[in-house]
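Have a look at the structure below, then the notes.
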Amino acid sequence: MAPSPLLSLPDSTLVVDLHPSPNIELRKSGSTPDLLLLHYTGMSSARKAIEWLSRPESKVSAHYVIDVDGRITQLVAEDLRAWHAGVSNWSGETDINSLSIGIEIQNPGHADGYATFGARQMAAVAALSADIVRRRRIKPVRVLAHSDVAPLRKIDPGEKFDWRWLNLRGVGHWVEPQPVDELDAGLAGGASDPAVADMQRMLRHYGYDCDGHGLLDPKTEAVVRAFQRHFRPARVDGRIDRSSRETLERLIASARRVPAA
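Printed below as a string of structure tokens:
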């Protein structure tokens, strides 16, 4: 496909193919991207994902798609608003599409044999992400999962995505999680406890859209699961246990010391 006037050149030297999507807009109110959002495609192949992200009727798009072999395709110019985040929220901001660059990583997803992210693909994710955060000066704490900004709707890229490995290559925010204690089942759904209110307060402080009423309701459970998928993937259950609390405390403390990219 011939490049569109809006995507005549790639934004990154790592891009192999251009496949312009018509599903684009100007970023709202002069916004510039300061957030990198990672997804999985949830489709059987990158080719099918690219085709879908390029159909007007799909009403979705992303800036980049990374295939399992590490091949990088750009669909939307970084200066433009792609339609990848949907209804989402981070640190009180609700137009995440205007604030972010979206990378779709080929993986069939949880509904169709959720696959391990291979070495070549992860190397490409790290290289492209590092290039974007360097050029756009995106802070490590602003490299997020789709599930972080839309925990009631999304679970991607999921617990198999290796955020620790990515952090070791200079992308994203990470601390070693407090190990899971198998004897600590944690507070379950429906619990009303000061520890719930404290966890809600910390989640909201970090950026999650989380109420502070002290009840472990379904929304809070979904937010806790999103946090666990990203930062404590050893057990993703939505329960508030010591491991989750202490990991979040470490993240917040570390975020105060993390320099800008």
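Heads up, the sequence shown is in the working numbering, so the first residue is 395 and it goes up one at a time. Just so you know, even glycine gets a beta-carbon here, dropped at the ideal spot from N, CA and C. All values reported here derive from a predicted model rather than from experimental measurement.
Judged by beta-carbon spacing, L610 lies within the 8 Å limit of G583, meaning their Cβ atoms are closer than that value.
Sorting V462, S415, D473, A544 by C-alpha distance to the C-alpha of S452 places S415 at the top.
Cβ atoms of A471 and L400 come within 8 Å of each other, at about 6 Å.
In the three-state reduction of the DSSP assignment, Y434 falls in the strand class. Looking from the CA of A509, the closest CA among S438, R626, K613 belongs to S438. One alpha carbon belongs to I497, the other to D489, and they sit about 17 Å apart. Leaving aside the five residues that flank V527 on each side, the residues in its chain whose CB is nearer than 7 Å to its CB run, in chain order, L430, V537, V565, A655. Residue range 494 to 499 is occupied by the beta strand (DSSP E) that includes E498. With respect to S455, N417 sits close: the two C-beta atoms are nearer than 8 Å. R619 and R644 have their C-alpha atoms spaced approximately 17 Å apart. Per DSSP, the beta bridge partners of R475 are E419.
In this structure, the beta-carbon distance from P627 to E553 falls below 8 Å.
The C-beta distance from I499 to P551 rounds to 6 Å, short enough to meet the 8 Å contact threshold.
Annotation note: the segment 614 to 649 contains no uninterrupted beta strand (DSSP E) run of length 3 or greater. Looking at the DSSP output, A539 shares a beta bridge with L432. Under a 10 Å Cβ-count criterion, K442 is classified as exposed, with fewer than 16 other Cβ atoms of the shown protein chains found around its own Cβ.
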